[in-house]
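Each residue of the sequence shown is one higher than the one before, counting from 518 in my numbering.
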Amino acid sequence: EGAKLSDEEIANFLAYNLVVGIMSAARGLTEAVRADVGYLFAKYQMMKVTFALTLKPLMEKKGWLRVPPFYYSVDNLFDNKKD
């Protein structure tokens with residue numbers, strides 16, 4: 518019982534976690550002093566990237582991929598107005 522998440526919410530949460538995992542692995546890779554530890558971070562990052570490459574087409578196919586709105590700066594909005 519309790520709150521149930523939709524498939525779209527689960528997929529977007531999974532995509533967010535993948536991004537955080539990839540960024541954490543990249544940071545660990547760049548900060549690793551020992552080569553074997555750097556290799557482990559690189560291996561972990563490649564696993565996350567491989568999974569992300571299979572998740573994105575699935576999310577596009579199902580319509581779960583959220584695209585943020587375009588950015589319009591305030592200056593551009595007022596420059597286009599004609600007096």
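By construction, the Cβ of each residue, glycine as well, lies at the ideal position given by its N, Cα and C atoms.
Since residue i and residue j are thought to touch, with beta carbons under 8 Å apart, how far apart are those beta carbons, to the nearest angstrom?
i, j, result
"Ala528", "Trp581", "5 Å"
"Leu570", "Ala559", "Not a contact, Cβ separation roughly 16 Å."
Please determine whether the Cβ atom of residue i lies at a distance below 7 Å from any heavy atom of the ligand MG.
i, result
"Tyr588", "As for the ligand MG, it is missing from this structure, which has no ligand bound."
For residue i, is the classification buried or exposed, using 16 other Cβ atoms within 10 angstroms of its Cβ as the cut-off for buried?
i, result
"Ala542", "buried"
"Lys573", "exposed"
"Lys565", "buried"
Hey, could you find the ends of the alpha helix (DSSP H) residue i is sitting in?
i, result
"Tyr555", "Correcting the residue type first, residue 555 is Gly in the shown sequence and not Tyr. It spans Ala552 to Lys579 - the alpha helix (DSSP H) in which Gly555 sits, taken as one unbroken run."
"Val537", "Asp524 to Glu548"
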